[in-house]
Amino acid sequence: MTSDRLFVYGTLMRGFDHPMARLLAGHAEFLGEATCRGRLVLVKHYPGLLLSDAPSDLVHGELFHMHLPDELLRELDMYEACGEGFPEPTEYLRKLIDVTLPDGTAGKAWTYVYNWPVADLPRIESGRFLDH
1 MTSDRLFVYG
11 TLMRGFDHPM
21 ARLLAGHAEF
31 LGEATCRGRL
41 VLVKHYPGLL
51 LSDAPSDLVH
61 GELFHMHLPD
71 ELLRELDMYE
81 ACGEGFPEPT
91 EYLRKLIDVT
101 LPDGTAGKAW
111 TYVYNWPVAD
121 LPRIESGRFL
131 DH
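Count the sequence shown with this note's numbering and you get residues 1 to 132, in order.
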């Protein structure tokens with residue numbers, strides 16, 4: 001299964017003055033705010049998403065429709081240093097997850113899940129990177 005949608009929860013969100021956020025904004029349509037089941041940790045100046053099955057664990061982010069998903073995801077994989085050619089374990093893994101829009105509509109979207117140890121990383125309790 002694949003998707004032409006991308007869920008972002010950190011520095012790729014709208015409003016961040018970051019080259020990759022600008023790339024995403026220029027090659028994808030903002031669909032709206034969305035959530036996924038998970039927890040956020042503060043890695044350095046950026047967050048990491050840990051997937052969770054607990055209904056109380058929600059991460060808030062934004063959902064985009066990518067115009068050319070294969071090309072954009074290739075660029076984002078390079079930025080996130082994951083996929084072929086990067087030494088394992090990579091810091092992030094790109095995964096297809098379930099996301100929910102505010103109206104309750106659910107569907108699949110790609111996102112980047114944190115893949116390194118998190119024992120000493122602080123949790124962003126609100127699930128919103130912008131709140132930390």
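All C-beta atoms, glycine included, are put in the ideal place defined by N, C-alpha and C.
Taking the Cα of Y114 as reference, the smallest distance to any Cα among K108, G85, P47, I97 is reached at P47. Closest in C-alpha terms to L130, from the list S3, P19, L40, comes L40.
In this structure, G38 is the residue among P19, G38, G32 with its C-alpha nearest to the C-alpha of D53.
Taking a C-beta distance under 9 Å as the contact criterion, E71 and H27 qualify as a contact pair.
For L93, the secondary structure class from DSSP, reduced to helix, strand or coil, is strand.
In this structure, S3 sits near A109, with a CB-CB distance shorter than 9 Å. The residue among M20, H45, L49, V59 with its C-alpha nearest the C-alpha of D77 is M20.
Distance between G10 and P87, taken at the CA atoms: about 23 Å. In the structure shown, the three-state DSSP call for M66 is strand.
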